[in-house]
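Trainee: Quick one: the structure is below, and I'll ask about it shortly.
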Amino acid sequence: GIITVDVVGSDDNGRCLVLQPDGKMLVAGSTSVSGYGDYSLIRLNANGSLDHSFGIDGKLVIPVTNDNDGILAIALQPDGKILAGGSSWTGSSRDYSMVRLNPDGTLDNSFSDDGKVFVGVGENHDDINSIIIQPDGKILVAGHSQNYSEIADYSLARFNTDGTLDTTFGTNGTLLIPVGSGYDRAAVVMLQPDGSIVVAGTSYVSDGSSESDYSLIRLNSNGVLDSSFGTNGKLIVPVGDSKDGASSAIMQSDGKIVLAGNSHNGSNYDFSVIRLNADGSFDSSFSDDGKMLIPIGAGDDYGSSVTLQ
113 GIITVDVVGS DDNGRCLVLQ PDGKMLVAGS TSVSGYGDYS LIRLNANGSL
163 DHSFGIDGKL VIPVTNDNDG ILAIALQPDG KILAGGSSWT GSSRDYSMVR
213 LNPDGTLDNS FSDDGKVFVG VGENHDDINS IIIQPDGKIL VAGHSQNYSE
263 IADYSLARFN TDGTLDTTFG TNGTLLIPVG SGYDRAAVVM LQPDGSIVVA
313 GTSYVSDGSS ESDYSLIRLN SNGVLDSSFG TNGKLIVPVG DSKDGASSAI
363 MQSDGKIVLA GNSHNGSNYD FSVIRLNADG SFDSSFSDDG KMLIPIGAGD
413 DYGSSVTLQ
């Protein structure tokens, strides 16, 4: 039940996974090559063997820049093309970076001419943590962007199908949104059935504080905050006693939002899960008050991913 894949003989980091309609699995992350991280992917058949029709014998390493690159999010287009994004050093800062691959792992040159895009959203470091493809084919990414004071905000960008920024979204295709009073880190971007955009993650209560809460924003399709959600489109959700971190979220078909991660119970961390109604209020039909803390072991427990069966 276990497979270990050495990509090029050095350190490999698998960060995200997607299941193809044919049952094959794409795993993406980064691989160390000559002291620098490169984008890397593997594709497995349903039985766990490497799919030799992908890349070189099922493995693919992509030096996106001449410096450190890493994949943090992956998505499949309906036509089978693969979007992989994260961050790349582009000089003195780290920017959003993304590639689009054909189903066999070759770069898709119809996407930004060479299959690669780079976007600086904040003034210093940017990371893509989530990618979705909208029903109209546009590509929406979300993550966080850090300024020179090392304070981060939620950040987003939307691309047209050819890899150019969609200038009808936000400010020339990008958005930078402070949510809490300190460091904000977006984990997941989702679409509600009406086309509204929901981003979920974690916000710290102030600069340098270790206290944090689950947080969300909701945007209209053009990137404007939806004032009917939370407080002017933003929502801070305390779950445990003082330290909460949302790592994953899903949108149910009825528009309800499920977030999962970990929360401090007063002495250690437990798995935590909450379910919200589409308007951001707690769903009282879920564990009476809309939230659960679940101890797994005797010490700290950290939830990293949630999915709907």
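Numbering (the numbering used here), first residue to last: 113 to 421.
Note that beta-carbon positions come from the ideal geometry of N, C-alpha and C, so glycine has one too.
Note that this is a predicted model, so its numbers are computed, not measured.
1) How many Å lie between Asp278 and Gly409 at the Cα?
2) Taking the beta carbon of Val336 as the centre, do at least 16 other beta carbons fall within 10 Å, making it buried, or is it exposed?
3) Which residues in the same chain as Asn344 place their Cβ atom closer than 7 Å to its Cβ, once the five residues preceding and following it in sequence are excluded?
4) Does the distance from the CB of Lys355 to the CB of Ala390 come in under 8 Å?
5) Here's the rule I'm using: 16 or more other beta-carbon atoms within 10 Å means buried, otherwise exposed. How should Thr218 be labelled?
6) Using alpha carbons as the reference points, say which of Ile348, Asp306 and Trp201 lies closest to Phe394.
7) Closest by CA to Lys136, which one among Asp325, Gly182, Val120 and Pro215?
8) For Asp239 and Val233, what's the separation of their Cα atoms in angstroms?
9) Under the three-state reduction of DSSP, which class applies to Tyr414: helix, strand or coil?
10) Going along the chain, which residues of its own chain have a beta-carbon closer than 6 Å to the beta-carbon of Ala372, five neighbours each way excluded?
11) Measuring only the C-alpha atoms, how far is Asp265 from Asn180?
12) Taking C-alpha atoms, which residue in Asn157, Val130 and Ile174 lies nearest to Tyr151?
13) What did DSSP end up calling Ile114 once you bin it into helix, strand or coil?
14) Counting along the chain, where does the beta strand (DSSP E) carrying Thr150 start and finish?
15) I need the boundaries of the beta strand (DSSP E) containing Gly307, first residue and last residue.
16) Roughly how many angstroms lie between the CA atoms of Ile362 and Met302, to the nearest whole one?
17) Relative to the C-alpha of Asp296, which residue among Asp412, Ser321, Gly198 and Thr286 is closest?
18) Would you check if the segment 180-200 and the segment 240-250 touch, i.e. whether three or more CB-CB distances between them fall below 8 Å?
19) Please identify the residue among Val370, Leu420 and Glu323 whose C-alpha is closest to the C-alpha of Asn377.
20) Can you give the beta carbon distance from Ile251 to Leu195, rounded, assuming they're within the 8 Å contact cut?
21) Suppose the cutoff is 8 Å on Cβ atoms and the five residues either side in sequence are ignored; what does the same chain contact list for Ser351 look like?
22) Should Ser379 go down as buried or exposed, given a rule of 16 or more other Cβ atoms within 10 Å for buried?
23) Cβ of Gly126 within 8 Å of Cβ of Val139?
24) Mapping DSSP to helix, strand and coil, what is Val229?
25) Answer yes or no: do Val300 and Ile329 have a C-beta to C-beta separation smaller than 8 Å?
26) Provide the residue span of the beta strand (DSSP E) that contains Thr286, from first to last.
27) For His164, count neighbouring C-beta atoms within 10 Å of its own C-beta (all shown protein chains included) and say buried if the count is 16 or more, exposed if not.
Mentor: Let me lay it out:
1) 46 Å
2) exposed
3) Leu337
4) no
5) exposed
6) Ile348
7) Pro215
8) 9 Å
9) coil
10) Ser360, Val385, Gly415 and Val418
11) 22 Å
12) Ile174
13) coil
14) According to the sequence shown, residue 150 is Asp rather than Thr. Per DSSP, Asp150 belongs to the beta strand (DSSP E) from Tyr148 to Leu156.
15) No beta strand (DSSP E) holds Gly307; DSSP gives it neither H nor E.
16) 7 Å
17) Ser321
18) yes
19) Glu323
20) 6 Å
21) In the sequence under discussion, the amino acid at residue 351 is Val, which differs from the Ser named in the question. Hits under 8 Å: Asp325, Tyr326, Ser375, Ser384, Ile386, Lys403 and Leu405.
22) exposed
23) yes
24) strand
25) no
26) Thr286 to Ile289
27) exposed
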